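In this note's numbering, the protein residues as written are 50 to 304.
Only one structure is covered here, and it is reproduced in the block below.
Structural data, given as structure tokens:
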């Protein structure tokens with residue numbers, strides 16, 4: 050129940066830390082992880098891997114108490130439900146439309162409700178009975194739902210998005226956001242810094258943790274100072290590259 054533990058930390062106002070897994074699907078990677086990692090995000094976006102490739106890693110993370118989330122490349126509710134049937138939660142990229150987000154939350158958090166009853170929840174937030182509501186809450190207690198905020202339009206809709214029951218965290222994809230803002234890759238631009246503050250503040254008003262997926266420590270440190278509580282930093286691919294470059298620099302300097 051690592052997803053449930055992650056949600057409890059977020060609901061208590063704690064800050065959680067993790068990283069993206071892009072290529073290392075072997076479960077032995079868990080052996081080198083230090084204490085203090087709260088979650089990882091296995092991503093099938095921008096690569097040729099399938100969600101099934103990360104299942105052994107997900108099982109290896111369980112005894113460590115590390116939540117294993119999966120980032121999908123689809124907004125299809127059936128894909129989202131499938132992810133939550135296996136992983137501790139789902140990360141959904143590039144959300145903008147509020148009703149579409151409600152349908153995706155329903156897919157993640159209202160399993161096994163289907164058909165007319167599920168659509169009724171999407172439209173009203175009501176369950177067929179109190180017993181059904183309690184059953185669904187227990188059935189999906191481990192599922193984390195974290196949509197990615199990646200455009201100015203998604204920020205305009207963020208207040209309504211964060212008001213949807215079942216949103217556990219939101220975080221920014223800085224590449225897509227800055228491109229949409231007309232300032233590609235300018236993570237130090239005043240407008241980007243300002244929109245990050247706006248996102249963090251709006252989410253906080255709803256008790257939702259916010260953050261951004263950065264690859265430089267100074268960017269994540271600035272975000273933490275702004276009040277971010279969901280901190281996905283870097284990736285396995287990045288860490289390997291940095292480690293090898295540092296090793297070669299040190300060893301060649303000895304010659």
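Think of the CB as a built atom: it goes at the ideal place given N, C-alpha and C, for glycine as much as any other residue.
Here the structure is a predicted model, which means the values were calculated and not measured.
- Under the 10 Å beta carbon count, residue 153 is surrounded by 16 or more other beta carbons and is classified as buried.
- Here residue 241 carries a helix assignment [DSSP, helix/strand/coil].
- Residue state for residue 260 is assigned as strand, using DSSP reduced to three classes.
- Taking 8 Å as the upper bound for CB-CB distance, residue 138 and residue 116 are in contact here, some 7 Å apart.
- Sixteen is the threshold: since fewer than 16 other Cβ atoms of the shown chains lie within 10 Å of the Cβ of residue 63, the residue is exposed.
- In the three-state reduction of the DSSP assignment, residue 296 falls in the helix class, which pools H, G and I.
- By the neighbour-count definition (other C-beta atoms within 10 Å, threshold 16), residue 284 is a buried residue.
- Sequence-distant partners of residue 251 (beyond 5 residues in either direction) whose C-beta falls short of 6 Å from its own C-beta, in its chain, are 207 and 208.
- Within a 10 Å sphere around the beta-carbon of residue 282 sit 16 or more other beta-carbons, which makes this residue buried.
- Residue 271 sits in a helix when the DSSP states are folded into three classes.
- Here residue 118 carries a strand assignment [DSSP, helix/strand/coil].
- The closest CA to that of residue 136, considering only 110, 150, 123 and 143, is found on 110.
- Residue environment analysis places residue 296 among the exposed positions, since fewer than 16 neighbouring C-beta atoms fall within 10 angstroms of its C-beta.
- Annotated as proximal: residue 90 and residue 120, with beta-carbon spacing under 8 Å.
- Per DSSP, the continuous alpha helix (DSSP H) segment holding residue 135 begins and ends at 126-135.
- Residue ranges of uninterrupted alpha helix (DSSP H) with 4 or more members, entirely inside the region 195-233 and ordered along the chain, are 201-205, 207-211 and 223-230.
- Only buried fits residue 236, as 16 or more other CB atoms lie within 10 angstroms of its CB.
- For the set 98, 106 and 274, the Cα lying nearest the Cα of residue 81 is the one of 106.
- Sequence-distant Cβ neighbours of residue 211 in its own chain, meaning closer than 6 Å and more than five residues away, are 252, 255 and 257.
- Check the Cα spacing between residue 147 and each of 278, 57 and 205: the tightest is with 205.
- Note on residue 224: under 16 other CB atoms within 10 angstroms of its CB, so exposed under the neighbour-count rule.
- With fewer than 16 other Cβ atoms from the protein chains shown falling within 10 Å of its own Cβ, residue 173 counts as exposed.
- Residue 177 sits in coil when the DSSP states are folded into three classes, being neither helix nor strand.
- Taking the C-beta atoms as reference points, residue 144 is found no nearer than 8 Å to residue 229.
- When 280, 73, 275 and 141 are compared, the shortest CA-CA separation from residue 243 is found for 275.
- Between residue 123 and residue 102, the gap from beta carbon to beta carbon reaches 8 Å or more.
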